[in-house]
Each structure stands twice: as C-alpha cells, then as structure tokens.
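Student: Okay, here's the structure, questions in a sec.
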Amino acid sequence: MAMRISNPFPQCAVSFAILLQLVALAAAQPGATPPAPPPGDAGCNGILLNYTFDGRDKIRPFVPAANSQPYSFRATATVLNSGTHPLRSWALLLTFAHGEVLVGVDGAVLTTGGDLPYNTTTDNNATSFSGFPQTDLLTPIATAGDLSKIQATVKLVGTLFAGPEPYVPLPSALSLGDPAYACAPPTNVSTSMSTCCILLKPAAAAGNGSELDGAAARRRSFLPRGTGDLVISYDVLQSSYDHWYLAQVTLENMAPLARLDGWQLSWEWQRHEFINSMHGAYPLEIDTASCLYGPQGQHYTDFDFSNTLTCAPRPVVLDLPPTSKDTDMGRIEHCCRNGTILPKSMDVAQSKSAFRMEVYKMPPDLNRTELYPPANFRIAGSLPQNPDYTCGQPVPVSPTEFPDPSGLPSTTLAVATWQVICNITTNTSSGSAAASSSSKPPTCCVSFSAFYNESVVPCNTCACGCPRTNATTSSCSTTAPPMLLPPYALLMPFERRAKEALVWAHDHRLPVPNPLPCADNCGVTINWHLAADFAGGWSARVTLFNWDDGADMPDWFAAVVMRDNAYAGFEQAYSFNATAVGNDTIFMKGREGFNEFLLRETNVSGVDYPVPGKLQSVLSFTKKMNPDIDVLAGDGFPSKVFFNGDECAMPLRIPSHGVHTRAGTSTMLLLLSLLASSLLLLLP
C-alpha cells in the first residue's frame, strides 16, 4: 500500500511571505525607535568619561562598624574621544571616597609611578591614571569610528571600605587631567557615573579631525616637550627587526642648583621586555636565571641567555666609572662619570648622562613599529644632600634630533621618543626646626657673624634633624634655641663647642637653657660673616666647613640668595669663582685647586679634637646701585643658602647691633685686614 506524503512547501512559503510583510511594515513606521546609545552618552561631542562599578565582595576581617567593613571591588573606567581633536597622552582623574586601595590596574598606569598596592588616600585630591600602552586617542572622523583607536578602557581591582549593599560606593568625582578641557559635573546613574569634557580652545589644539593613522602618524603634531628639574628622554634609535630595538636613555639636569651623585635609575617594563646588552651603564643585578625560567625563556627557546643582562621587571641601572669610558662597555657620549650630574650653571658638559641598551620584545609586539616605553620611572642619588624626585609617565614627543657624528651639517631623527618629567620634591623643613618624619631634612646649615658683634649666631638646634630620644630621659633639648658662640668655636666639633658656649655665656652673662640644646647634626656648615661696611661698599666672608668623615667632596658648589638691593651691588669673589645668575642668586664654585672640599681631619697637630675641612672666600659689594642699603640691619645677610643643591637651614636671627659689640675699628683698618686675609687665601 502506497503512503501519501503531502507537500509542505506552499504553506511555508506563505508563512515566510507574511513574516517579510510584517518586518517591512515595522520598518516603515515613522515612530520606529533607534538602538539605545551607550550609557551616559548624552550627545557628548568631546571626551566622554565613564566609571562603572562592576561589583564587590565582602572580605575579612569582618568588623562591627558597617562603614569600615572591607570589600574587594571591581570597576571599569572608559575614556572615549567623541570630538574632532586627538587626545594626546590622556590622563584620567578619579577622586575616590571610600579609602580605596588599588591592587590591579589594567589599561593604564598610575601617573605618579606608584607601586601596587596603592593607597589612594595618600593623594591630596584625585588619583591620576595615564594611558598605557594606548597613550593617544584619535578622532572618530580619522578612524571611521574605530573604538580600538578612539576609546581606552581601564580595569580596576582593589579594596574599599563602605557600608553594605544596596549602597554603591562610587568616586566623588571624575575628570580629565588636561587643563585644556573643562569637564561638567558627573552624572550618576545606578552603578555608573559619567561626564563630558569639552576643549576650551579648539583652535589651539594639536592636530585635527582629518588626521590619519598609519603613515601619517609619523608626521603628526606631538605634544610640546615639557620642562622640569630633571628630564629623561627615551629614544628608540633603531628598530630594524621585529623582536628587538636599540634605545638610548638620556638624563638631563634642568634644575639651576640641584645635582645628583651616584644616580640610580629604575623603571617598570609593562610588556615583559628584557635587556640583552647595555653600553654606558650597567644593571645593579645581573640575573640570567629570571630569563630562563620566565616568559622570555618560554618564548625564545633557542636564544642563548648566557650573556643577557637582566629580565627583571624593574631593573635598576647605574652609571659606569670614568675608567670604563674608553672600553667596550662605554664609548657613549655623556656616560661614565660615576653617576654625577651637575647643574648647567656649574658645568654644561656634565649636566647630562646617557646610556644605550638592546631591548628584546615579547608577543604580541613582534613588529618593528610596535614600540612601547617602560613606565614608572624613578631616579635617586646616593648622597644625603641629593634631592628626592617624583617622575611622571612617559609622554610621546617629537623625535629627538641627533647631530651627524662625522660633523656634516645634518641630523638623524630617532625612530620614536618619549619624555619623562621629574621634579624635585619640595623640602618644607629646610628652615629652622627639625624635619618631620614625613620630609627629608637638610644636610647643611648656616651661621651668621659680623664685625660689630663678638658672638656668632650658630646653626639652629637640630637644623639637620633631631636625635631619637628616650621618653623619660633626654640629654639635650630639641627645642631650646642654640647658644651664642665665640668665633673660634666654629672650628670645633659640637661636644667641644658646647663647652666653649658655656664659658662664653658665663663671661658675657648670657642665658643658659636647661637642658642644653642639641647639636645641629649637619655634615656641612656655612658661616656668613659680615666683614666690613663703609661708605662706598661692603664685604662678606663665606667659610665652608666639612664635618663629614666619609669622603671628600669634589666639584662642590654653593649659592646664596640676597635681597634685591644687595644683589645688584655684587662685584666679585676673591678665592671662589662666583657669578650673579639672576633671581637675586650668587653662584659659587671652587677655582682650580680649590674645587675639592676635603673631609675633616682627626690628627691635627696642636689640637685634641677633629678639625673640619675648610674653604673660604671674601665677596665684595658696591653701594653705587643702592646707596641707601642698610647692611647692618639685615641687607648684608642672605635669605637662602644652598650647598650642592640642598637648601640649608638658616638661623632665626642676625647678629644684634649694639650688644656685646667689639670696640670701634676704623674703616681703613677693616679694609687692610680684609685685603690681607684675601691675599692669604690665594697663597698656596
């Protein structure tokens, strides 16, 4: 018996036709609703910032105070360029409000170069994130709206302290770290917040909407080069191969009065790069094992790591000694000075350091044009008087121009250049009091004396830091003012000086504090002595005392900041090279034969105490510019003194006029005495 099978196709065809008609009718409706825009996009034609709280989990310890309970949290921040101008070296500012501790950051780095975990409460206001590796955001017009080129995404993981759900612990503010943009107050919607930032002066912005990616990127307008106390340039000199490039790192001292001795430079590789070889410097730790057992060894399976320098994620690099300059390790301009970088006012030739290194890359960056600098640079000196620096993140700038080594009038451009700006951390404790535990104390101090007063106003008590004292017993006072001294006591160590101060106080009926004041604790002391004041001019004598028993101080320099009316009258120094460099500052350094500041001596004939190393010079001033200058009332004393870049602690007062003064001496005798002392200083 034959089975009858019906044909289903006519029925299916009818159903399909009806479906097409319904779709067409829906599309033809005038009120059809377009797809919803991304959250927070309210027609922003600038830079759209968004922060989304992705969730949190309660973690131990469990505490009874609800608002103090720790939670692990996850969040996502986006920076979207919806405007017509490229956003160069973007930085996102988030003002956290719940004691957030950042444990993981992906898609950006902390602008300050801080390490993770990072406590955001240490920021004065907002926490800044710099784009890395995507530092620039192009425009939608130049990229046909390619999100990978116009948007950056930052993933955050950390710990916060807040109350229980349903409360959403969002930051209190978010904005763009670029003063050229103005950001509206953020709008909060459920678990996210967003704002739109508009360029204030579009005509002044670099680039335009027609700027293209790819080949045109080489000709793009870069951000202007920045200035700071120390500028680090990271130049890619060669990128001929997919897997490695040649880089030069240059440190340039731009601070007028700062120096570095024995510099140590470090950074963090962000993409598992490693240093294969180096010239002009060397890593503090050479470790090939980290390469063999790390991701580098897993990728470069046939690579000989026996001569590789380091695969450390944060290498520390040091300068070479001068003896290596003409060896295979050296032969780099500005290298090999034991890490000494002087200010340009001291020696332009020694204001730079440089070295080169062969950097190997890792996937997915195995392309000649995939070039990324390291991040989180840090620089420090080896001596206490060297300043502390805070460095920003690398910023792409116009390629560095290098002169032709053969002397031809041509230049060679770097393949790519990034610039890192480092600034000196301001030392707010360089005045009279001891430094707080959160700031670096000075390493030098100043005493004042004058021809019209027998007593010396010494360095302040604990000028370079206070000793740690027992809570119940203390042998000296950290707050008592220093006792006046006889001039010869300046050559004595503090223990002997204190005894002389007691005798001096007894003989001149001066008050004696109980307990006695502590020492100044400074390795270098500087005495400014007002030597003479006469009708046509005046003079001062500067004496440097080195109490450090560690090492001599070659290539020293000092600077004094005078008042306007005194600075204008500066003429010359007799034993130092001294120059008026502007800003009321007189810069001094040793002449040849006087440029090494010796350490203190312990076996000096005729004395039973160590004697400091000493350098001295007389400075002369004229009154032609300011005949009404009142030298004795304070115009003849500096307001600030620097030694080797460190601002010295200043005394609280100048020598009094009319109390315990010397017997009157004629101006001619003072001049003769001054000239005689100057001649003696010039004699070998």
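Numbering-wise, the sequence shown is residues -28 to -1, 1 to 656 according to mature numbering (1 follows the signal peptide of the UniProt record, and there is no 0).
For each residue, glycine too, the CB sits at the ideal point set by N, CA and C.
The structure displayed is predicted, hence computed values, not measured ones.
Can you tell me whether Pro10 is buried or exposed, with buried defined as 16 or more other CB within 10 angstroms of its CB?
Tutor: Taking the sequence shown and counting its residues from 1, one reaches residue 10 at position 38. A caution first: Pro10 carries a pLDDT of 44, below 50, which makes its placement in the model too unreliable to give a value.
Student: Judging by CA-CA distance, which residue of Gly76, Ile498, Pro454 is the nearest neighbour of Val484?
Tutor: One-based indexing of the sequence shown puts residue 484 at position 512. The shortest C-alpha separation from Val484 is found at Pro454.
Student: Is it true that the CB of Lys297 sits closer than 8 Å to the CB of Cys308?
Tutor: Numbered from its first residue, the sequence shown carries residue 308 at position 336. Numbered from its first residue, the sequence shown carries residue 297 at position 325. For the 8 Å CB-CB criterion, Cys308 and Lys297 form a contact.
Student: Between Arg309 and chain D, is there a C-beta pair that is closer than 8 Å?
Tutor: Absent here is chain D; the protein component of the structure consists of one chain.
Student: Under 8 Å by Cβ, that's how I've got residue 689 and Phe517 pegged, so tell me the actual separation to the nearest angstrom.
Tutor: Outside the displayed span of the chain (-28 to 656) sits residue 689, for which this structure offers no information.
Student: Taking 8 Å as the threshold (C-beta atoms), are Ala545 and Leu604 in contact?
Tutor: As a position in the sequence shown, residue 604 is number 632, starting the count at 1. As a position in the sequence shown, residue 545 is number 573, starting the count at 1. No, the Cβ-Cβ distance between Leu604 and Ala545 is not below 8 Å.
Student: Who are the Cβ neighbours of Leu(-7) in its own chain at under 6 Å, not counting the five residues just before and after it?
Tutor: Sequence index remark: in the sequence shown, residue -7 carries index 22 (1-based). With a pLDDT of only 41 at Leu(-7), under the threshold of 50, the placement of this residue in the model should not be trusted; the figure read from the coordinates follows. Excluding residues within five positions, none has a Cβ falling inside 6 Å.
Student: Mind the definition here: the region 130 to 148 touches the region 36 to 55 only if three or more C-beta pairs lie below 8 Å; say whether that holds.
Tutor: yes
Student: According to the neighbour-count rule (16 or more other Cβ atoms, all chains shown, within 10 Å of its Cβ), is Ala37 buried or exposed?
Tutor: Taking the sequence shown and counting its residues from 1, one reaches residue 37 at position 65. Label assigned to Ala37: exposed.
Student: Taking the alpha helix (DSSP H) that Asp536 belongs to, which residues open and close that run?
Tutor: The residue labelled residue 536 in the question sits at position 564 within the sequence shown. Start and end: 536 to 539.
Student: Taking the beta strand (DSSP E) that Asp29 falls in, what are its first and last residues?
Tutor: Counting from one through the sequence shown, the residue named residue 29 turns up at place 57. Here the beta strand (DSSP E) through Asp29 covers 19 to 30.
Student: Per DSSP, what kind of secondary structure is Lys324 in: helix, strand or coil?
Tutor: Here the question's residue 324 lines up with position 352 in the sequence shown. Correct three-state label for Lys324: strand.
Student: Would you tell me roughly how many angstroms separate the C-alpha atoms of Gln210 and Leu385, rounded to the nearest one?
Tutor: Position 238 of the sequence shown holds residue 210. Position 413 of the sequence shown holds residue 385. Each residue's alpha carbon lies about 10 Å from the other.
Student: Quick one: any contact between the region 321 to 340 and the region 58 to 74, if contact means 3 or more CB pairs under 8 Å?
Tutor: no
Student: What are the boundary residues of the alpha helix (DSSP H) that Ala531 is part of?
Tutor: Taking the first residue of the sequence shown as 1, we reach residue 531 at position 559. Where Ala531 is concerned, there is no enclosing alpha helix (DSSP H), although the beta strand (DSSP E) it sits in stretches over 529 to 533.
Student: Does the region 25 to 33 touch the region 112 to 122, meaning 3 or more C-beta pairs lie closer than 8 Å?
Tutor: no
Student: Evaluate contact between the region 15 to 22 and the region 157 to 177, counting only Cβ atoms and requiring at least three cross-stretch pairs below 8 Å.
Tutor: yes
Student: DSSP on Asp291, reduced to helix/strand/coil?
Tutor: By 1-based counting over the sequence shown, the position of residue 291 is 319. Here Asp291 sits in strand by DSSP.
Student: Hey, how far is the Cα of Thr445 from the Cα of Ala422?
Tutor: Start at 1 with the first residue of the sequence shown, and residue 445 comes out as number 473. Start at 1 with the first residue of the sequence shown, and residue 422 comes out as number 450. No answer about Thr445 holds up, because its pLDDT of 41 lies below 50 and its placement is not dependable.
Student: Pair every Cβ in the region 591 to 601 with every Cβ in the region 538 to 554, then say whether three or more of these pairs are closer than 8 Å.
Tutor: Cβ pair count under 8 Å is three or more, so yes.
Student: Under three-state DSSP, which class holds Asn555?
Tutor: As a position in the sequence shown, residue 555 is number 583, starting the count at 1. Asn555 falls in the coil class under three-state DSSP.
Student: In terms of residue numbering, what span does the alpha helix (DSSP H) encompassing Val475 cover?
Tutor: Here residue 475 corresponds to residue number 503 of the sequence shown, with the count starting at 1. Where Val475 is concerned, the enclosing alpha helix (DSSP H) stretches over 466 to 479.
Student: Quick check: the Cα distance between residue 712 and Gln242, rounded to an integer number of angstroms?
Tutor: Shown here, the chain extends from -28 to 656; a query on residue 712 therefore has no answer.
Student: Could you spell out the range, first to last residue, of the alpha helix (DSSP H) harbouring Lys173?
Tutor: Translated into positions along the sequence shown, residue 173 becomes position 201. Run containing Lys173: none; DSSP gives neither H nor E here.
Student: Note down the Cα distance separating Gly103 from Val51, rounded to an integer number of angstroms.
Tutor: By one-based count along the sequence shown, residue 103 stands at place 131. By one-based count along the sequence shown, residue 51 stands at place 79. Between Gly103 and Val51, the C-alpha separation is close to 9 Å.
Student: In whole angstroms, what is the alpha-carbon distance linking Ala49 and Lys127?
Tutor: In the sequence shown, residue 49 corresponds to position 77, counting from 1. In the sequence shown, residue 127 corresponds to position 155, counting from 1. C-alpha separation (whole angstroms): 7 Å.
Student: Per the contact definition of three or more C-beta pairs closer than 8 Å, is the region 214 to 230 in contact with the region 321 to 328?
Tutor: Counting Cβ pairs under 8 Å, three or more are found: they touch.
Student: Quick one: what's His306 bridged to in DSSP?
Tutor: Here residue 306 refers to the residue found at position 334 of the sequence shown. Per DSSP, none; premise fails for His306.
Student: Along the chain, which unbroken stretches of the beta strand (DSSP E) at least 3 residues long are found entirely within the region 215 to 273?
Tutor: 216 to 225, 236 to 240, 246 to 251, 253 to 255
Student: Are Asn358 and Leu488 closer than 8 Å when you measure CB to CB?
Tutor: Looking up residue 358 in the sequence shown gives position 386. Looking up residue 488 in the sequence shown gives position 516. No, the Cβ-Cβ distance between Asn358 and Leu488 is not below 8 Å.
Student: Which residues does DSSP pair with Val75 in a beta bridge?
Tutor: Along the sequence shown, read from residue 1 onward, the residue named residue 75 stands at position 103. Paired residue(s): none; Val75 is not in a bridge.
Student: Using the beta-carbon count (16 or more within 10 Å), is Phe34 buried or exposed?
Tutor: Counting from one through the sequence shown, the residue named residue 34 turns up at place 62. Exposed is the call here.
Student: Tell whether a beta-carbon distance below 8 Å holds between Ala219 and Val203.
Tutor: Looking up residue 219 in the sequence shown gives position 247. Looking up residue 203 in the sequence shown gives position 231. No, the Cβ-Cβ distance between Ala219 and Val203 is not below 8 Å.
Student: How long is the line joining the alpha carbons of Gly12 and Leu343, rounded to whole angstroms?
Tutor: One-based indexing of the sequence shown puts residue 12 at position 40. One-based indexing of the sequence shown puts residue 343 at position 371. Low confidence applies to Gly12: its pLDDT is 45, below 50, so where it sits in the model is not reliable, and the reading given next is rough at best. The straight-line gap from Cα to Cα measures roughly 34 Å.
Student: Taking all protein chains shown into account, decide if Gly606 is buried (16 or more other Cβ within 10 angstroms of its Cβ) or exposed.
Tutor: As a first step, residue 606 must be located in the sequence shown, where it is residue number 634. Under this definition Gly606 is an exposed residue.
Student: How many angstroms separate the CA atom of Cys416 from the CA atom of Val475?
Tutor: Start at 1 with the first residue of the sequence shown, and residue 416 comes out as number 444. Start at 1 with the first residue of the sequence shown, and residue 475 comes out as number 503. In a straight line, the C-alpha of Cys416 is about 26 Å away from that of Val475.
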